[in-house]
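Peer 1: Structure provided below as structure tokens; questions to follow.
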Amino acid sequence: MKKFLATSLVASVLVVPTVVGAEGLQAGKLTKASSEPAATIVKDFVNKKGDFAVQNVEKDGSSQIVRLQQEVDGVPVFGSVVVGNVAKDGTLKAVVNDAINVKGKPGLAKKATLSEKKAIKLYQKAIKASKFEVAPKAELVIYPVKDDAVYAYKITSTVLAGKEPSRWTYFIDANSGKVLNKFDQLAHATGTDVLGRSVTFNTTLSGSTYYLQDTTRGKGIYTYDAKNRTSLPGTLWADADNVFNATYDRAAVSAHVNAAKTYDFYKNTYGRNSYDNAGARLNSSVHYSTSYNNAFWDGTKMVYGDGDGSTFTYLSGALDVVAHELTHAVTEYSAGLVYQNESGAINEAISDIMGTVAEYSVGSNFDWLVGEDIYTPGVSGDALRSMSNPAAYGDPDHYSKRYTGTQDNGGVHTNSGIVNKAAYLLGNGGTHTGVTVTGVGVPKLGAIYYRALTVYLTPNSNFSSLRAAVVQSAKDLYGSTSAEATAAAKSFDAVGVY
Ligand code: RRT
Ligand code: ZN
Ligand code: CA
Numbered sequence: 082m083k084k085f086l087a088t089s090l091v092a093s094v095l096v097v098p099t100v101v102g103a104e105g106l107q108a109g110k111l112t113k114a115s116s117e118p119a120a121t122i123v124k125d126f127v128n129k130k131g132d133f134a135v136q137n138v139e140k141d142g143s144s145q146i147v148r149l150q151q152e153v154d155g156v157p158v159f160g161s162v163v164v165g166n167v168a169k170d171g172t173l174k175a176v177v178n179d180a181i182n183v184k185g186k187p188g189l190a191k192k193a194t195l196s197e198k199k200a201i202k203l204y205q206k207a208i209k210a211s212k213f214e215v216a217p218k219a220e221l222v223i224y225p226v227k228d229d230a231v232y233a234y235k236i237t238s239t240v241l242a243g244k245e246p247s248r249w250t251y252f253i254d255a256n257s258g259k260v261l262n263k264f265d266q267l268a269h270a271t272g273t274d275v276l277g278r279s280v281t282f283n284t285t286l287s288g289s290t291y292y293l294q295d296t297t298r299g300k301g302i303y304t305y306d307a308k309n310r311t312s313l314p315g316t317l318w319a320d321a322d323n324v325f326n327a328t329y330d331r332a333a334v335s336a337h338v339n340a341a342k343t344y345d346f347y348k349n350t351y352g353r354n355s356y357d358n359a360g361a362r363l364n365s366s367v368h369y370s371t372s373y374n375n376a377f378w379d380g381t382k383m384v385y386g387d388g389d390g391s392t393f394t395y396l397s398g399a400l401d402v403v404a405h406e407l408t409h410a411v412t413e414y415s416a417g418l419v420y421q422n423e424s425g426a427i428n429e430a431i432s433d434i435m436g437t438v439a440e441y442s443v444g445s446n447f448d449w450l451v452g453e454d455i456y457t458p459g460v461s462g463d464a465l466r467s468m469s470n471p472a473a474y475g476d477p478d479h480y481s482k483r484y485t486g487t488q489d490n491g492g493v494h495t496n497s498g499i500v501n502k503a504a505y506l507l508g509n510g511g512t513h514t515g516v517t518v519t520g521v522g523v524p525k526l527g528a529i530y531y532r533a534l535t536v537y538l539t540p541n542s543n544f545s546s547l548r549a550a551v552v553q554s555a556k557d558l559y560g561s562t563s564a565e566a567t568a569a570a571k572s573f574d575a576v577g578v579y
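Residue numbers (my numbering): 82 to 579.
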């Protein structure tokens with residue numbers, strides 16, 4: 082990460098807004114003790130500057146933090162905010178005063194003559210868009226320009242259609258219609274992922290810092306830095322120049338990119354809008370703990386360890402692992418499979434299956450292995466699990482070989498092998514224990530299992546109920562006498578589940 086100021090903002094500035102008379106931060110015992118409300122104390126301190134609306138008052142230990150928005154006749158002065166820290170005894174401890182002197186500014190003599198509708202028309206023309214994810218919204222503001230200030234419309238929208246998503250903010254002079262300033266908050270970042278590939282992804286520019294915040298998908302995709310500690314989520318990942326090329330950045334880049342790919346996979350393949358099918362925000366935390374050899378869904382977010390460098394490298398680096406994690410969330414919000422014994426093994430297998438279907442659908446390096454991209458970085462060809470041959474990693478491939486002990490919640494990561502093998506046979510085809518299954522291909526495998534998960538499975542489903550759910554799903558999708566339905570039934574015959 083190089084250190085310099087954000088350039089995309091500066092490059093598009095037509096008229097540099099100058100903050101007139103901003104006083105910055107003052108600290109100390111700025112006022113005498115008082116029993117007035119905190120907002121009044123801060124207002125009184127700065128009110129010689131003009132009018133203020135109370136934006137927010139928040140408790141901060143025994144203090145109160147007051148945020149005021151400067152306005153003139155109810156019109157906000159863009160960016161002119163006052164923040165005050167008021168101690169328990171009513172003394173003002175610190176104040177950031179970004180209010181400006183607007184009295185007698187010649188530009189304000191001209192009230193807005195341009196209509197909001199007209200301004201939005203100009204905006205749409207300027208950004209060359211007509212199809213919006215979030216429609217243009219205009220707000221009349223006072224906009225500081227050099228030593229003057231003018232009335233302007235601040236207009237923002239989100240556009241996804243077209244080649245690049247954008248979230249342009251324009252300041253349009255409310256008299257002349259001139260563009261005073263513009264910036265695209267949706268920044269197109271570049272970086273290097275865990276596997277060393279160059280990638281592009283969406284970030285958000287706020288102030289002069291870029292954040293791993295993609296606002297183009299559902300309610301957003303946010304990636305956090307847990308800083309090799311165990312308190313979560315950590316801090317939203319910030320970057321000064323929107324180029325994510327440091328070694329430390331890689332885990333975050335992969336988590337962010339793979340979360341977006343998995344979101345797109347579910348949306349484009351099954352029409353599912355995030356794990357709750359209502360656009361739930363996707364949060365991921367990377368650099369969890371130290372040398373942590375695992376990843377998990379904690380009920381609200383995906384969490385990834387760095388690995389110890391020999392058993393695993395950064396776990397967010399693998400799409401099948403990220404899709405595995407997010408599928409745990411989908412399962413929680415659909416079938417609700419209890420994470421123990423047979424229902425738990427189905428829960429695990431569904432995560433491996435959808436992780437593998439996602440890997441196929443993204444179209445890079447598809448295989449029937451799980452976690453191969455981040456497992457034993459020094460050894461090639463191995464993985465944490467194999468769906469085609471679970472036994473290669475000590476997992477059962479037939480119901481008769483199931484683990485019946487109590488470890489690992491009743492063998493959820495072990496007995497998943499039985500279901501994984503059935504899924505492999507259904508998707509790929511093959512002969513196992515003398516039973517031949519004609520493969521239906523990976524996309525149909527995904528459609529069948531997705532339907533089983535979201536329609537026919539319940540919290541206490543066992544392997545036998547899974548067979549019924551998968552066969553019924555194949556019948557629903559392809560017909561009751563279809564080759565797909567036959568293959569689905571045979572895939573369970575082959576692993577001894579009836
Ligand atoms: S349940 C989370 C899962 C994450 C993962 C998936 C790591 C694939 C690596 C590869 C496991 O399957 N963890 C390993 C385990 O036993 O928890
Ligand atoms: Zn899992
Ligand atoms: Ca894989």
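Every residue, glycine too, gets a C-beta built ideally from N, C-alpha and C. In this text the structure is predicted, and so the values were computed from the model without any measurement.
#1: Give me the Cβ distance between Q145 and V164, rounded to the nearest whole Å; I'm assuming they're in contact under 8 angstroms.
#2: Could you name the residues of the same chain whose beta carbon sits closer than 8 angstroms to that of Q136, not counting the 5 residues immediately before and after it, in chain order?
#3: Does ligand 1 have even one heavy atom less than 7 angstroms from the beta-carbon of V403?
#4: Between A404, T311, G288, S397, which has its C-alpha nearest R331's C-alpha?
#5: Please state whether the Cβ-Cβ distance between K571 and V518 is less than 8 angstroms.
#6: How many angstroms separate the CA atom of G475 from the CA atom of T311?
#7: How many angstroms separate the CA atom of D125 from the CA atom of V138?
#8: How many angstroms separate the CA atom of L241 from the CA atom of Y344?
#9: On the DSSP bridge assignment, give the partners of Y414 in chain order.
#10: Report the three-state DSSP secondary structure of F159 (helix, strand or coil).
#11: So, are the CB atoms of H494 and E429 less than 8 angstroms apart?
#12: Less than 8 angstroms between the CB atoms is what I'm expecting for D387 and H368, so what's the real figure, rounded?
#13: Check each candidate in S461, A190, V158 and name the one with the smallest Cα separation from A134.
#14: Cutting at 6 angstroms between CB atoms, please list the residues of its own chain near P477, excluding the five before and the five after it.
#15: Using C-beta distances below 6 angstroms, list every residue in its chain close to K235, excluding the 5 sequence neighbours before and after it, in chain order.
#16: Please check the pair A230 and K191, which I expect to be a contact at CB under 8 angstroms, by giving their CB distance rounded to whole angstroms.
#17: If contact is defined by three or more beta carbon pairs under 8 angstroms, each pair taking one atom from either stretch, is the stretch 370-384 in contact with the stretch 406-421?
#18: Going straight from the alpha carbon of S467 to that of M435, what length do you get?
#19: Any chance the CB of L398 is under 7 angstroms from a heavy atom of ligand 1?
#20: For I302 and L363, which I take to be in contact (beta-carbon distance under 8 angstroms), what is that distance rounded to the nearest angstrom?
#21: Below 8 angstroms on the Cβ atoms is my contact criterion, and I expect L317 with Y305 to pass it. Report the Cβ-Cβ distance as a whole number of Å.
#22: Once DSSP output is grouped into helix, strand and coil, what is the label at Y204?
#23: Which residue comes first and which comes last in the alpha helix (DSSP H) that contains Q488?
#24: Run through the stretch 115-201 for me and flag every whole alpha helix (DSSP H) of 4 or more residues, listed as ranges in chain order.
Peer 2: Let me spell this out:
#1: Not a contact, Cβ separation roughly 11 angstroms.
#2: R148, L149, Q150, V162
#3: no
#4: S397
#5: yes
#6: 31 angstroms
#7: 15 angstroms
#8: 15 angstroms
#9: Beta-bridge pairing links Y414 to no other residue.
#10: strand
#11: yes
#12: 6 angstroms
#13: V158
#14: R483, G498, I499
#15: E220, V222, F252
#16: At roughly 11 angstroms, the Cβ-Cβ gap does not stay under 8 angstroms, so A230 and K191 are not in contact.
#17: yes
#18: 14 angstroms
#19: The identity of residue 398 in the sequence shown is Gly, whereas the question assumes Leu. Checking the Cβ of G398 against ligand 1 gives no.
#20: 5 angstroms
#21: 6 angstroms
#22: helix
#23: 488-509
#24: 119-127
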